Structures are given as structure tokens and as C-alpha cells.
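In case it helps, mature numbering (1 follows the signal peptide of the UniProt record, and there is no 0) puts the sequence shown at residues -22 to -1, 1 to 516.
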Amino acid sequence: MMMGRFALLLLAFASLQLFCVADDDNNDDDVVFYESFEESFEGRWIVSNKDDYKGLWKHSKSEGHEDYGLLVSEKARKYAIVKVVDEPVSLKDGTTVLQFETRLQSGLECGGAYIKFLRPQEAGWKPEEFDNESPYSIMFGPDKCGTTNKVHFIFKHKNPKNGEYVEHHLKYPPSVPSDKLTHVYTATLKRDKEVKIMIDGEEKKKANLLVAEDFDPPLIPAKTIPDPDDRKPEDWDDKEKIPDPNAVKPDDWDEDAPMEIEDEEAVKPEGWLDDEPEEIDDPEATKPEDWDDEEDGVWEPPKMYNPKCAIAPGCGEWKRPMKSNSAYKGKWSPPLIDNPNYKGVWKAREIPNPNYFELDKPDFEPIAAIGIEIWTMQEGILFDNIVIAKNEKVAKSYRETKWKPKFEIEKERQQAEEEASGLDFLASIKRKVFNALYQIADIPFLSNYKPQILDHIKKAEKQPNLTMGVLVSTVAIILTIFLKLIFGGKNQQCRRIETKPVPVVAETSDDQGSDGEKVEKAEKNEAAAAARRRRRET
């Protein structure tokens, strides 16, 4: 009896051991790809030999750590490097987790720090010629420049009807952290067609790959499209309002009256210097030694603002200021009335979309390689701990063991530096405010206003002396938008605010300093001229 029980216990223990071993094996299999960069990338990763990609990759330690990573070492360069995986990774079944760390050690004003998960080489690319045209399945990671501030998630999908590959961009992606600490980015594709974006293990965005509201353009095309061959009838009247044909210009309407007239009541201020010019020759200017009168013409000293005018109401000939003309009415035009022939806004008729298709789940191409192809104006971008896994717990384990210890050390070091500089409280408050503003900018229903909000936040970050004023204006903009949406959103559509692209200037040499001084001097002269105009109007 006792021997039988002992045999059953032994069998149960052996079965448990086999189950644990099998479970461990499955965990190992869940790690499809892992790159720690503890060893040099040379000979394992392939640097593109394309002429455009001159950026120098380095195997380097992360600042303040013994941990190595792949470093972007030069500013204002294009970079391209790729690693072919041993076995293509299918994205069609089960869960797939894409995860990597990046640290913006010099910050990121304009550039990318994302990774491309590439299709097999049969799609028409070679590792040695890896570039921005190389076909990928998924592109994921940070990107900042001007008003662009987002963590991209883009997937390319083949339209089964026409065979074309289309880029589908995640709508309202999260913003990039604004500090110089190590951050870990995770994208999880699940069996139920869901994609989840996390930063530092915190969920920032969840979307459905098949839902039209989550991706632009939607994966599933529209069933109908406007007929490209349909034309608006010649007699179609789409003018809602027309000038009143019975209106007559009033007899007292003077179209020739000017908008402004001289103020006859104005009196020249006392102390006005009629005989003093507004500008005089710069007494400190000297003729350059290499100046040739025959080739360069007669040298004349540059002009400067007359200092006597600074303490007087004004200089030169005094003229009466202009004032608004109360008799001004401008050109007369008849009032608008409802158009009796108005038929509405013409639209082409809808026809079946020849490229329409339906899917139960995305038909992703497998991942055959991992590539980093970026252009950046900042050096110091460090990539580390790239993971492709089939289990979310595996990705979490790497975050806990690889990323978190580094991040905690960096946070403590940052806090110590702030305390040493006496800026701990203010810097902490400022950082929290900026992080809160970036989170507000990520709210989906503020997407139309996001470029304007981000532009104000970036100005506040770059110009500490203006931070408070810019922050107040940013908060005011956000409150205005909220009020407009609450009280005016029912009857009015939100107007999309268009912002002009911010020009990016590379720091190339000290010669730009002299240009900056010229700009500053020009601005001062313009300010002085404005002051003179104001005095002249008084």
C-alpha cells in the first residue's frame, strides 16, 4: 500500500518536472529575436553602402552605465543599418511583441529614432543597399521635428485587389518623452486584431487594425468612391447667395473717400528737432584697408541711429499723423440674398470601389530583418535591447531586468544634478507641467489643434526666459478649445489649424554667430524705427 502511494507520488513529481521543463522551453521559444549589443555589431549587422548614408555607427556605452548600445555618433547625417533574422517572423497568428530601448543623450530637436521591421528580401531589397525605399511590414518608434512629435506605428499592407502596398498610420499616436533618459517602446499585436503601444511599460494607445477610425488610411477601403468620370452639369448653380439685382447704391455713398486723413488738430510736440537727421554716419566706422575706390566705388561710412533723437520727441521734418476717416465707406457692393436657383453643393455620384476588399484579420508580411534607417540633426541617439517575442510576459521581463535598473539610476542622477544646481523644485514642477501638456496634446479630440499646442510647448522648452508666458498662453489655448467644444461644438465643426513648417537650421560653424549679430542689430534698428513712428504719431 505504502509502496503504491510512493510510486504515485513519484510519478506526479516527475510529471510536474516535465511540465516545468516544457514550460521553460516554451518561454525560450517565445523569444524570437534579442539584441543586447554587448558585443560589437560589426560583422553581425550590415551597414548600408548607399552614398546618402554617411552617418557613423559606433558600439558605445550608454552615458553613466557599463551597458553597451548602438550609437548614432554624428549630427546632421543619414544612417542605415540592418540585421537579418535567422527565421522570418510571422505576424499572422497569436501575439507578437516588438520592443526596443532608445536614449536621446543629446536630446532630439529634429530626427527619428524608430525601427523598421522589414519584409523578406524577395520583396526586392538587399541588406547592403538598405535605404528608405526598402520594403517594411511595420515601422515603430519616436520621431520629432518642428510640430511633429509622435511615436510612429505604421504598417504596410497589400491590397489583394490591385496588389499595391499601402502605408497605414496610427491616428493620434503618443508623444515622445522630452528628457534625455533611457525609454523603452513596446508595440504588441494581438490575436484579436488589437495593437497596443506602451512607453516604459505604461499603455499610451490602443487601437484596432481593422477599425477605420484608428488608422489613416483605413485598412479596409470604402465600399464606394466618387465616380472620377462624373462631371458637374453646366447649368448646376452651387452659389448659395447672390448679389441682390434690385439693390441700388445710396446717393451719399462716396467710393473715393480715403480710409485715412491727416489729423488737422495735431500739434508738433515741443522739443522736436527739425534740423537733426534720424540717422547719422557711424563715427567709429573706418574704411577697410582692402577697399578699392576704383573697383568698389566711393566708400561711405555705415549709418547709425542719431542719439540726439533718442532723448527728443522726434527728428527731421514733422508731419501730421494720419487718423481714420469717418466718411470712408469703401467700394459699394450690393447685399447678398438667397439664390432662388441654388441646387446645393454638387458631388460626383458614388460607384462601387474596384479596390474594395474585406478581411477578418490583417494579412501581414513576415519580418525578415530589423533595420534602422533615420535622418537626424542630433547625435547621441543610443539603441539597445531590441526584442521580438511571442509572449507579453517575456517583453515585460526584459523591461524589468534590462531597462528599469538603468532608468532608475538615470532618474536619481538627474534629481541629484537638479538639487546640486538649486533647481530641484522649479525643474521638477516645470518637467511635470511639460509632461502634463504633452499628455493633453495627445487627447484624440484635440488632434486638429495638436500642431499649435506642440509648437507652444516647444517654444517654452527652448526659451526658459519665456517659459511662464508661453505656458500661460498654451493653457489659454487649451481652455479656449475646451470651451469652444463645450459651448460651440454642436453647431460648428472644429476648424483645422494649419501651421507653417518650422525651418531647421543645422549648427555648422561659428560663422553663423556673425549672421546672428546682424539679425539682432537689424531687429534693434527695426524696434528703434517703430519707436520713431510711434513718436511721430503723437
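C-beta: ideal position from N, C-alpha, C; glycine also. Being a predicted model, the structure only gives us computed values, none of them experimental.
So, residue i versus residue j, is the Cβ gap smaller than 8 Å?
i: F78; j: V372; result: no
i: I84; j: Q356; result: The sequence given here places Ser at residue 84; Ile does not occur at that position. Contact flag set, yes.
i: K61; j: A347; result: yes
i: K321; j: W214; result: yes
i: N127; j: V154; result: yes
i: H146; j: H135; result: yes
i: S112; j: E343; result: no
i: D208; j: A326; result: yes
i: P313; j: D222; result: yes
i: K384; j: S40; result: yes
i: D192; j: A185; result: yes
i: E370; j: V67; result: no
i: A190; j: I203; result: no
i: T73; j: K168; result: yes
i: I350; j: I59; result: yes
i: W324; j: K210; result: yes
i: L48; j: F19; result: yes
Under 7 Å Cβ to Cβ from residue i, same chain only, skipping five residues before and after it: list those, please.
i: A91; result: T80, L82, G119, P120, I352 and I359
i: H130; result: Y92, M117, F118, G119, D121 and P151
i: W269; result: W277
Mapping the DSSP letters down to three states, classify residue i as helix, strand or coil.
i: T164; result: strand
i: I418; result: helix
i: V276; result: coil
i: A347; result: strand
i: F95; result: strand
i: I175; result: strand
i: K36; result: strand
i: G467; result: Only weak support is given to the placement of G467: the predicted model assigns it a pLDDT of 48, under 50, and the question is left unresolved by the model.
i: S375; result: helix
i: V25; result: strand
i: E370; result: helix
i: E20; result: strand
i: L457; result: helix
i: D341; result: coil
i: K384; result: helix
i: E396; result: helix
i: E336; result: coil
i: K139; result: coil
i: D362; result: strand
i: D268; result: coil
i: D489; result: With a pLDDT of 40 at D489, under the threshold of 50, the modelled position of this residue cannot be trusted; read the value that follows with caution. D489 falls in the helix class under three-state DSSP.
i: K389; result: helix
i: I289; result: coil
Taking buried to mean at least 16 other C-beta atoms within 10 Å of its own C-beta, is residue i buried or exposed?
i: C293; result: buried
i: N331; result: exposed
i: G42; result: exposed
i: E13; result: buried
i: W310; result: exposed
i: V245; result: exposed
i: F335; result: exposed
i: I431; result: buried
i: G89; result: buried
i: P105; result: buried
i: N363; result: buried
i: W381; result: buried
i: G102; result: exposed
i: D8; result: buried
Looking only at its chain, what residues have a beta carbon closer than 8 Å to the beta carbon of residue i, apart from the 5 residues adjacent to it on each side?
i: R22; result: K61
i: E181; result: K174 and I175
i: I132; result: I116, M117, F118, E145, H146, H147 and L148
i: D205; result: A326, R327, E328 and I329
i: D241; result: R298, P299, M300 and K301
i: K201; result: P330, N331 and Y334
Looking at residue i and the ligand NAD, is the gap between the Cβ and the nearest heavy atom below 7 Å?
i: W310; result: Looking at this structure, you won't find the ligand NAD or any other ligand, since it has none at all.
Could you pull out every residue in the same chain whose Cβ sits closer than 6 Å to the Cβ of residue i, ignoring the five residues on either side in sequence?
i: P291; result: P247, G249, W250 and R513
### Task
Identify every run of the beta strand (DSSP E) within the stretch 296 to 329, keeping only runs that are complete inside it and at least 3 residues long; order them along the chain.
DSSP runs (the beta strand (DSSP E)) wholly in the stretch 296 to 329: 300 to 302 and 314 to 316.
### Start-end ranges of the alpha helix (DSSP H) lying completely within the stretch 43 to 92, minimum 4 residues
As summarised for the stretch 43 to 92, there are no continuous alpha helix (DSSP H) elements at least 4 residues long confined to that stretch.
### Query
Going along the chain, which unbroken runs of the beta strand (DSSP E) with 3 or more residues stay wholly within the stretch 178 to 247?
180 to 186, 202 to 204, 219 to 221 and 238 to 240
### Query
Enumerated in chain order, which unbroken segments of the beta strand (DSSP E) with a length of 3 residues or greater are wholly contained in the stretch 98 to 127?
114 to 123
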